[in-house]
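These protein sequence lines map, in sequence, to chains A and B. With the numbering used here applied, the first sequence covers 57 to 344. With the numbering used here applied, the second sequence covers 57 to 344. Note that CB positions come from ideal geometry on N, CA and C, so glycine has one too. What you are looking at is a predicted structure, and each value in this text was computed from that prediction instead of being measured.
2 protein chains.
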Amino acid sequence: MPTIAILAGKGDLPLVAAKAARNRGYRVVVVGVLGEVAPALAQTAHASYPMPLGQWQLIIDVLKKEKVQDAYLVGGVSKGLLFGRLQLDERTQRLLAGLGEKNDNAVIEAFVNDLAQEGITVRPQTDLMEEIMPGPGVLTSRQPTGRNWSDIRYGWRIAKAIAGLDIGQTVVVKEGAILAVEAIDGTDATISRGGRLAQGGGVVVKVAKPAQDLRFDLPTIGLGTLETAVKAGIEAIAMEANKTLVMDKDALIQRADEVGVALVLVDERDLSPTCEQSSGGSGRGRDN
Amino acid sequence: MPTIAILAGKGDLPLVAAKAARNRGYRVVVVGVLGEVAPALAQTAHASYPMPLGQWQLIIDVLKKEKVQDAYLVGGVSKGLLFGRLQLDERTQRLLAGLGEKNDNAVIEAFVNDLAQEGITVRPQTDLMEEIMPGPGVLTSRQPTGRNWSDIRYGWRIAKAIAGLDIGQTVVVKEGAILAVEAIDGTDATISRGGRLAQGGGVVVKVAKPAQDLRFDLPTIGLGTLETAVKAGIEAIAMEANKTLVMDKDALIQRADEVGVALVLVDERDLSPTCEQSSGGSGRGRDN
């Protein structure tokens, strides 16, 4: 029975991954990089270790002791953590000191590359979680309005550009105006801020990066984000088909239909022709 | 004595422009598009009309009655205004209905094009305000630190990209991480948000758009923005040389030196070589 490791951050995703790995016949070692392992996750794993991310050398030692060759990075880890009061061991400090721009990819890649030097390969999350990454379509019985679709098209283009710069992956749009752009504050704060500015009728667009690394940082949606969107008066949430982890899908759809929020999984190819046309700079603002 | 019109939004810029126009020998008509004209501005102008922007036909009528051929758009007008409870006459509604994406440029261009149809030309703000657009250099005795300069370089690249998408022109950076990106919320809200996330040590970068239209929407800094930055614990504010309107320059520098905030006007060409090098995707995160 080969051993895999799950380096587990926040949320329920690590548990989903651990169960999927067991079903596939792996021996599962969980390292809780926030210094804790949730009880259900510890029960699912064959072995589990709560370890703060800042003690990177200890984490490596555990992985080697457990003879791990393949690892998965699953669940959110706020980059803010590394800039906060977390105690950083020498190895972590060295990794961070080597970085110029501390954007998400650069920070995660530093850890991934360091694992590679120890002979540990970080594998794509999609290996374990294909079944919670739905294809294109509207999930809810509430459909986006025509106005929502225009905002999704415009928001998509902007969100992809922002994601390409590795700033964030979420925007809030209303009636052709970008109300909020995600930076280090994260998806939920961005949705709340955009919703406040929209005063109802906003649309959330959350995308994968143009060159999304499938090993980490896939866009995710769950009940928490939906509730944030409901409070913010959001009308529709658009995400990328086949690249978004949809947590608790049935409960999510049921709740979205209760509150009248449209959930859409979008295939970029379905948007792009119209998107090209509406992004032209000339001829706008005339009578027609 | 030729007549020019100043369509005046918020702040002190319209007064600066009106004085400059008088000094150049023009007859100055001020239209306060927020429905009011500040007393000092009314005194400086030869004629002044408080007119809400939503009554666009009345504004056009006044400009024609006053035989205006050249106009300047000066001072902020929140786009949010047009999506709020403002009463819009038929002409304004028609202009806005013709728009797809309601980004800043699209909205302003619609009004500028409509003026052109009436034979009124909108002129570059720089015609009147060259003297408050300083060239490159550090204005304060407090110099940016080396770390600040790295953040300015990185923030510049991101701010230019954001500005190119016509989302906003301001970012807050700290230690190579983008903390906040301006959208419809505006510069001051972005600075406050970024500062909260930075918990001290953030850097503000505010740029002109890559293809900045000199007729409107030039980046501006004044005492209000500085005070916002001080409250947010910002260490340095970088702006674009020769393209930023610096209000109350002497008082601004004095106050910035009192509170220890570095004010820098940057010529893009001075940043770009290093910027190119540090933006490469490979070779980071290694020991060196």
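TODO: Closer than 7 Å, Cβ to Cβ, to anything on chain B: give me those residues from the stretch 281-308 of chain A, in chain order.
DONE: none
- [ ] Determine the contact status of Ala73 (chain A) and Val87 (chain A), defining contact as a CB-CB distance below 8 Å.
- [x] For the purposes of this step, residue 73 (chain A) is taken as the residue at position 17 of the first sequence. For the purposes of this step, residue 87 (chain A) is taken as the residue at position 31 of the first sequence. No, the Cβ-Cβ distance between Ala73 (chain A) and Val87 (chain A) is not below 8 Å.
Open item on the list: Taking the beta carbon of Gly211 (chain B) as the centre, do at least 16 other beta carbons fall within 10 Å, making it buried, or is it exposed?
Closed with: As a position in the second sequence, residue 211 (chain B) is number 155, starting the count at 1. By the neighbour-count rule (16 or more Cβ atoms within 10 Å), Gly211 (chain B) is buried.
Task: Cβ neighbour criterion (16 or more within 10 Å) applied to Glu187 (chain B) - done: Your numbering for residue 187 (chain B) matches position 131 in the second sequence. Flag for Glu187 (chain B) reads exposed.
Task: Supposed contact pair Val229 (chain A) and Val320 (chain A) - C-beta distance, whole angstroms, cut 8 Å - done: The count along the first sequence starts at 1 and reaches residue 320 (chain A) at position 264. The count along the first sequence starts at 1 and reaches residue 229 (chain A) at position 173. About 13 Å separates the two Cβ atoms, so there is no contact after all.
TODO: Flag this pair as yes or no: are the beta carbons of Leu308 (chain B) and Leu282 (chain B) separated by less than 8 Å?
DONE: Position 252 of the second sequence, counting from 1, holds the residue named residue 308 (chain B). Position 226 of the second sequence, counting from 1, holds the residue named residue 282 (chain B). Closer than 8 Å, so yes.
TODO: Taking all protein chains shown into account, decide if Lys121 (chain B) is buried (16 or more other Cβ within 10 angstroms of its Cβ) or exposed.
DONE: The residue you call residue 121 (chain B) lines up with position 65 of the second sequence. Exposed, because fewer than 16 other Cβ atoms sit within 10 Å of the Cβ of Lys121 (chain B).
TODO: Taking Asn204 (chain B) as the query, report the chain A residues whose CB atoms sit under 7 Å from its CB, ordered along the chain.
DONE: Locating residue 204 (chain B) in the second sequence gives position 148, counting from the first residue. The contacting residues do not exist; Asn204 (chain B) stays about 14 Å from chain A at best.
Task: Close Cβ partners of Thr226 (chain B) (< 6 Å) along its chain, the five nearest in sequence each way excluded - done: Translated into positions along the second sequence, residue 226 (chain B) becomes position 170. Excluding sequence neighbours, Thr226 (chain B) sits near Glu238, Thr243, Thr246, Lys262.
Open item on the list: For Gln268 (chain A) and Val130 (chain A), I'd like the C-alpha separation in whole angstroms.
Closed with: Taking the first residue of the first sequence as position 1, residue 268 (chain A) is located at position 212. Taking the first residue of the first sequence as position 1, residue 130 (chain A) is located at position 74. Distance between the alpha carbons of Gln268 (chain A) and Val130 (chain A): 15 Å.
Open item on the list: Rounding to the nearest angstrom, what Cα-Cα distance links Asp326 (chain B) and Pro190 (chain B) in this structure?
Closed with: Indexing the second sequence from 1 puts residue 326 (chain B) at position 270. Indexing the second sequence from 1 puts residue 190 (chain B) at position 134. Taking the Cα positions, Asp326 (chain B) is about 16 Å away from Pro190 (chain B).
TODO: Give, in chain order, every residue of the stretch 311-331 of chain A whose Cβ lies closer than 8 Å to some Cβ of chain B.
DONE: none
TODO: Evaluate Arg271 (chain B) with the Cβ neighbour count: other Cβ atoms within 10 Å of its Cβ, from every protein chain shown; 16 or more gives buried, anything less gives exposed.
DONE: As a first step, residue 271 (chain B) must be located in the second sequence, where it is residue number 215. When all chains shown are included, Arg271 (chain B) counts as buried.
Task: Gln333 (chain B) versus Val322 (chain A): straight-line alpha-carbon distance, rounded - done: Residue 333 (chain B) sits at position 277 when you count from the first residue of the second sequence. Residue 322 (chain A) sits at position 266 when you count from the first residue of the first sequence. Below a pLDDT of 50, predicted positions are generally treated as unreliable, and Gln333 (chain B), at 37, falls in that range; no measurement from the model is reported.
- [ ] Could you run through the stretch 93-127 of chain B and flag, in chain order, every residue whose CB is less than 7 Å away from some CB of chain A?
- [x] Taking 7 Å as the Cβ-Cβ cut-off against chain A, none of the residues of the stretch 93-127 of chain B qualify.
Open item on the list: Which residue wins for smallest C-alpha separation from Ile60 (chain B), given the options B:Gln255, B:Asp160, B:Ala172, B:Val84?
Closed with: By one-based count along the second sequence, residue 60 (chain B) stands at place 4. For the residues B:Gln255, B:Asp160, B:Ala172, B:Val84, the minimum Cα distance to Ile60 (chain B) belongs to B:Val84.
TODO: Write down the C-beta distance between Gly250 (chain B) and Gly256 (chain B) rounded to the nearest angstrom, noting that I regard them as a contact closer than 8 Å.
DONE: For the purposes of this step, residue 250 (chain B) is identified with residue 194 of the second sequence, where counting begins at 1. For the purposes of this step, residue 256 (chain B) is identified with residue 200 of the second sequence, where counting begins at 1. With a Cβ gap of about 11 Å, Gly250 (chain B) and Gly256 (chain B) do not count as contacting.
Task: Closest Cα partner of Val89 (chain B) within the set B:Gln111, B:Arg150, B:Pro58 - done: The residue given as residue 89 (chain B) occupies position 33 in the second sequence. When C-alpha distances from Val89 (chain B) are compared across B:Gln111, B:Arg150, B:Pro58, the shortest belongs to B:Gln111.
Open item on the list: Cβ closer than 9 Å: which chain A residues qualify as neighbours of Leu171 (chain B)?
Closed with: Here residue 171 (chain B) refers to the residue found at position 115 when the second sequence is read from its first residue. What Leu171 (chain B) touches in chain A: nothing, since even the nearest Cβ is about 12 Å away.
Task: Listed by chain order, chain A residues near Asp244 (chain B) by CB distance under 7 Å - done: Residue mapping note: residue 244 (chain B) aligns to position 188 of the second sequence, counting from 1. Neighbours of Asp244 (chain B) on chain A: none; closest Cβ ~14 Å, over 7 Å.
- [ ] Measure the alpha-carbon distance for Ser197 (chain A) versus Lys305 (chain A) and round it to whole angstroms.
- [x] Your numbering for residue 197 (chain A) matches position 141 in the first sequence. Your numbering for residue 305 (chain A) matches position 249 in the first sequence. Distance between the alpha carbons of Ser197 (chain A) and Lys305 (chain A) is about 14 Å.
Open item on the list: By the three-class DSSP mapping on this structure, what secondary structure does Thr100 (chain A) have?
Closed with: As a working mapping, residue 100 (chain A) is identified with position 44 in the first sequence. Three-state result, Thr100 (chain A): helix.
Task: Run of the alpha helix (DSSP H) containing Ala74 (chain A), from where it starts to where it stops - done: Position 18 of the first sequence, counted from the start, is the residue given in the question as residue 74 (chain A). Element bounds for Ala74 (chain A): 69-79.
Task: C-alpha distance - Gln81 (chain A) paired with Arg203 (chain B), whole-angstrom precision - done: Working through the first sequence from its first residue, we reach residue 81 (chain A) at position 25. Working through the second sequence from its first residue, we reach residue 203 (chain B) at position 147. It should be noted that the sequence gives Gly, not Gln, for residue 81 (chain A). Going from the Cα of Gly81 (chain A) to the Cα of Arg203 (chain B) covers about 49 Å.
Open item on the list: So the candidates are B:Leu171, B:Ala96, B:Lys299, B:Val317; which of them puts its Cα closest to the Cα of Ile290 (chain B)?
Closed with: For the purposes of this step, residue 290 (chain B) is identified with residue 234 of the second sequence, where counting begins at 1. Checking every option, the nearest Cα to that of Ile290 (chain B) belongs to B:Val317.
- [ ] Determine contact between the stretch 114-128 of chain B and the stretch 165-184 of chain B, defined as no fewer than three beta-carbon pairs at a distance below 8 Å.
- [x] These segments touch.
Task: Between the CA atoms of Asn161 (chain B) and Asp207 (chain B) - distance to the nearest angstrom - done: Stepping through the second sequence from its first residue, residue 207 (chain B) is reached at position 151. Stepping through the second sequence from its first residue, residue 161 (chain B) is reached at position 105. Taking the straight line joining both Cα atoms gives about 28 Å.
- [ ] Report yes if the C-beta distance between Glu157 (chain A) and Gly232 (chain B) is below 8 Å; otherwise report no.
- [x] Taking the first sequence and counting its residues from 1, the one referred to as residue 157 (chain A) is at position 101. Taking the second sequence and counting its residues from 1, the one referred to as residue 232 (chain B) is at position 176. Contact: yes.
Open item on the list: With a threshold of 8 Å between beta carbons, is Val237 (chain B) in contact with chain A?
Closed with: To locate residue 237 (chain B), count along the second sequence from 1; it is residue 181. Val237 (chain B) counts as touching chain A.
Open item on the list: For a quick check, are the C-beta atoms of Arg252 (chain A) and Ala288 (chain A) less than 8 Å apart?
Closed with: As a working note, residue 252 (chain A) is residue 196 in the first sequence. As a working note, residue 288 (chain A) is residue 232 in the first sequence. Against a cut-off of 8 Å, the Cβ pair of Ala288 (chain A) and Arg252 (chain A) comes out as a contact.
- [ ] Examine chain A for any beta-carbon lying closer than 8 Å to the beta-carbon of Ala217 (chain B), and answer yes or no.
- [x] For the purposes of this step, residue 217 (chain B) is taken as residue 161 along the second sequence, with counting starting at 1. Closer than 8 Å to some Cβ of chain A, the Cβ of Ala217 (chain B) qualifies, so yes.
- [ ] Check Arg198 (chain A) in the structure and name its three-state DSSP category.
- [x] Working through the first sequence from its first residue, we reach residue 198 (chain A) at position 142. Look at Arg198 (chain A) here: in three-state DSSP terms it is coil, with no helix or strand label.
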